[in-house]
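Only one structure is covered here, and it is reproduced in the block below.
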């Protein structure tokens with residue numbers, strides 16, 4: 001008796017492909033619709049990106065400068081009977097180097113995390129998606145390839 005089944009795996013439509021890779025129309029449709037959406041909403045995406053960067057800059061400014069202005073300098077003025085200028089100088093010379101050092105350590109941790117975990121996971125996901133697209137495209141019958149290409153070009157003309 002042999003342990004090898006007579007039929008190929010029923011989950012895989014194409015023999016020799018992994019069960020994770022399921023080529024077909026769906027990945028091509030998602031890719032085409034996503035490409036058309038990115039091109040169509042490019043101005044909106046760019047504006048949202050600029051607004052997100054402005055918000056990030058405001059948050060960094062509030063975290064770095066707001067804590068000094070609102071809490072530390074006012075308390076130093078009250079506790080030690082200092083002028084606002086002297087309280088600003090004290091915080092600038094004592095707390096600012098600590099914040100810079102903390103920022104360096106935070107950026108170093110973020111860089112290591114992105115380099116060791118986030119970027120490899122993202123690279124694996126992108127390679128998997130492109131492999132699925134490539135298998136889906138190669139499995140298409142040639143007249144359908146012409147239909148897909150003409151639809152993509154036509155949608156670009158409509159959007160532009």
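Numbering (the numbering used here), first residue to last: 1 to 160. Backbone N, C-alpha and C fix where the C-beta goes; we use that ideal spot for every residue, glycine too.
Asked                                                                                                                                                                   : Found
For residue 58, which of helix, strand or coil comes out of DSSP?                                                                                                       : helix
Could you spell out where the alpha helix (DSSP H) holding residue 78 opens and where it closes?                                                                        : 73 to 80
Determine whether the beta carbon atoms of residue 76 and residue 91 lie at a separation below 9 Å.                                                                     : yes
For residue 66, which of 29, 99, 83 has the nearest alpha-carbon?                                                                                                       : 99
Exposed or buried, residue 69, counting other C-beta atoms within 10 Å across all chains shown (16 or more means buried)?                                               : exposed
Roughly how far, in whole angstroms, is the beta-carbon of residue 27 from the beta-carbon of residue 150, given that I think they are within contact range, below 8 Å? : Going by Cβ atoms, the distance from residue 27 to residue 150 rounds to 19 Å, so no, they are not a contact pair.
Look up residue 43 in the DSSP assignment and say whether it is helix, strand or coil.                                                                                  : helix
I need the straight-line Cα distance from residue 88 to residue 57, nearest angstrom please.                                                                            : 22 Å
Starting from the Cα of residue 126, find the closest Cα among 31, 24, 25 and give me that residue.                                                                     : 31
What span of residues does the alpha helix (DSSP H) with residue 88 cover, start to end?                                                                                : 84 to 113
Taking the beta carbon of residue 145 as the centre, do at least 16 other beta carbons fall within 10 Å, making it buried, or is it exposed?                            : exposed
If we count the other Cβ atoms within 10 Å of its Cβ and call it buried at 16 or more, is residue 23 buried or exposed?                                                 : buried
So for residue 152, helix, strand or coil by DSSP?                                                                                                                      : helix
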